[in-house]
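Just below is one structure, and these are the notes that go with it.
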Amino acid sequence: MNDTSTTPDLKAAGSTYVMDKRLGAIAMLISATGMGLVGTFSRGATNGLIPDDKAVIGSFLASGRMLTGVAGFTILLLATHKTALFRSTRLSPAIIMGGISIGLSLGCYISSTLLTTIANAVFLIYTGPLFCTILARIFRKERISRLNGLFLLIVFVGMLMTIGIIDYKDGALSFGLDLSVTSAEYPKKALGDLLGLLSGVFYGMALFFNGYRKDVDSIVRGVWNFVWASVAALSMALILRPWHGVSAFTGSNWGSAGLLFVFSGLIALGFLVVAGRNLPAVEMSTISYWECPVAIICGLLIFHEQLTPIGMIGGALIVGGGFAPIIVDALARAGKRSVATA
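If you're matching positions, the sequence shown starts at 1 in full-length UniProt numbering and goes up one per residue.
The following block contains the structure:
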């Protein structure tokens, strides 16, 4: 991880910026760890609330997280002297929809972590790349190779297993979603799984829209992304009206909410910018999967969650199917380099 790569510097044409991959890897690990702690901090922020309040409180917590992101990126914008660039950058529908999609995704995701297992929530949001690929195929006519099609199928099957559409009961496979399935710990588990799936859909939309306007500086786009994400999350809060739950917050609840806003908002999102500047996309995507084991370990050790065998297989398929294209791409690049140097 010590090697460096050169890429054109966004700040000055004609000069080069030398990537510090060690810094990038550390930054991405910090960012992914902060993302993986979303469920833990969210549960601390809602400890003692009734399930009906937990079902809608995600919109409020997402609003705080996004507003903290706006503050952080605005500070970065000022620190890097890019206010003139921000004013001159043309705002487009893709930038707006990218921000709105991520705001809705995180609102659904936080509520999902409160209503179902943290493992299910984090597995389901990682179906996002599947939906992104489908949208890119439909609207951008991007080709899907047979191998990538296989990986997408693996993720899709894993998603069906995670939310219980494919299950193993009484010694045989069963198919169909039973919305009446509940438990004493998760009385609204089916709703939590569906919100987790919705978070994946909106996450995929965010990835899709972020594929446009690559000419926009990352910090400038970050500010706009979080402005529109805040608008979406606040609009979601106005519709769902989570104020009953918010009014019941104790000092401990507010403390956990503050940790969510700072560590899973400002710090995680701030270090994401550092990682994006110092890591190639493939390596950045690879390290981002660290979020999954962080979330699952927290669920197992702190909340004593138990994964069903079929749920573990489904989660493994989602992570494996999403991770496999990165490995294939890395191997292909390594093969090309070895041929070139031979």
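From the three backbone atoms N, C-alpha and C, an ideal C-beta is built for every residue, glycine too.
Asked: Who are the near neighbours of L29 in its chain, counting only those whose CB is closer than 7 Å to its CB and skipping five residues on each side?; Found: I287 and W290
Asked: Below 8 Å CB to CB, which residues in the same chain sit around V246 once its five sequence neighbours on both sides are set aside?; Found: I57 and F60
Asked: Rounded C-beta distance between P187 and P51? I'm assuming under 8 Å.; Found: 5 Å
Asked: Here's a check: name, in chain order, each residue in its chain whose Cβ is nearer than 8 Å to the Cβ of S92, leaving out the five neighbours to either side.; Found: Y212 and R213
Asked: Quick check on V216: does DSSP put it in helix, strand or coil?; Found: coil
Asked: Look at the alpha carbon of L130 and the alpha carbon of V319, and state the distance between them as a whole number of angstroms.; Found: 11 Å
Asked: Compare the C-alpha of S112 against each of I96, L135, V38 and S145 and name the closest.; Found: V38
Asked: Just confirm the distance between the C-beta atoms of V216 and G321, as a whole number of angstroms; I'd bet it's less than 8 Å.; Found: Their Cβ separation, rounded to whole angstroms, is 30 Å, which puts V216 and G321 out of contact at 8 Å.
Asked: Leaving aside the five residues before and after M236 along the sequence, list all residues of the same chain whose C-beta is less than 6 Å from its C-beta, in chain order.; Found: S59 and G107
Asked: Apply the 10 Å Cβ neighbour rule to L269 and answer buried if 16 or more other Cβ atoms are within range, or exposed otherwise.; Found: buried
Asked: Locate the beta strand (DSSP E) running through I166, then write down its first and last residues.; Found: I166 to K169
Asked: Can you check DSSP and say which residues form a bridge with F73?; Found: Per DSSP, none; premise fails for F73.
Asked: What are the uninterrupted segments assigned as alpha helix (DSSP H) that are 4 or more residues long and contained completely in the UniProt domain "EamA" (191 to 321), given in chain order?; Found: 218 to 240, 243 to 247, 251 to 261, 268 to 278, 281 to 288 and 291 to 301
Asked: Give the range of the beta strand (DSSP E) segment to which L173 is assigned.; Found: A172 to F175
Asked: From what residue to what residue does the alpha helix (DSSP H) around P93 run?; Found: P93 to L115
Asked: Let me know the secondary structure DSSP gives M1 once reduced to three states.; Found: Bear in mind that a pLDDT of 39 at M1, under 50, signals an unreliable position, so the number given afterwards is only what the model happens to contain. Looking at M1 - three-state DSSP - the assignment turns out to be coil, as it is neither helix nor strand.
Asked: L49 to L301, Cα distance in whole Å?; Found: 22 Å
Asked: I think F249 touches A136, with their Cβ atoms under 8 Å apart; what is that distance to the nearest whole Å?; Found: With a Cβ gap of about 41 Å, F249 and A136 do not count as contacting.
Asked: Here's the rule I'm using: 16 or more other beta-carbon atoms within 10 Å means buried, otherwise exposed. How should residue 377 be labelled?; Found: Any property of residue 377 remains undetermined from this structure, which presents the chain solely from 1 to 342.
Asked: Considering only the alpha carbon of each residue, which of G222, V339 and P280 lies closest to A71?; Found: G222
Asked: Keeping to the same chain, check which residues put their C-beta closer than 7 Å to that of P293; ignore five residues upstream and five downstream.; Found: none
Asked: CB A119 to CB A233, shorter than 7 Å?; Found: no
Asked: If contact is defined by three or more beta carbon pairs under 8 Å, each pair taking one atom from either stretch, is the region 85 to 103 in contact with the region 162 to 169?; Found: no
Asked: Using a Cβ cut-off of 7 Å (strictly closer), state whether K82 contacts chain C.; Found: In the structure shown, chain C does not exist; there is a single protein chain.
Asked: Closest by CA to M159, which one among G171, A332, V122 and A295?; Found: V122
Asked: With R90 as the anchor, note down where its alpha helix (DSSP H) starts and where it stops.; Found: It is not in any alpha helix (DSSP H) - R90 carries neither H nor E in the DSSP assignment.
Asked: Report, in whole angstroms, the separation of the C-beta atoms of W224 and I75, which I expect to be a contact under 8 Å.; Found: With 8 Å as the limit, W224 and I75 do not qualify as a contact, their Cβ atoms being about 15 Å apart.
Asked: So, is V339 buried or exposed, given that buried needs 16 or more other C-beta atoms within 10 angstroms?; Found: exposed
Asked: How long is the line joining the alpha carbons of A206 and G192, rounded to whole angstroms?; Found: 21 Å
Asked: Excluding the 5 residues flanking T80 on each side, which residues of the same chain have their C-beta closer than 7 Å to its C-beta?; Found: I219
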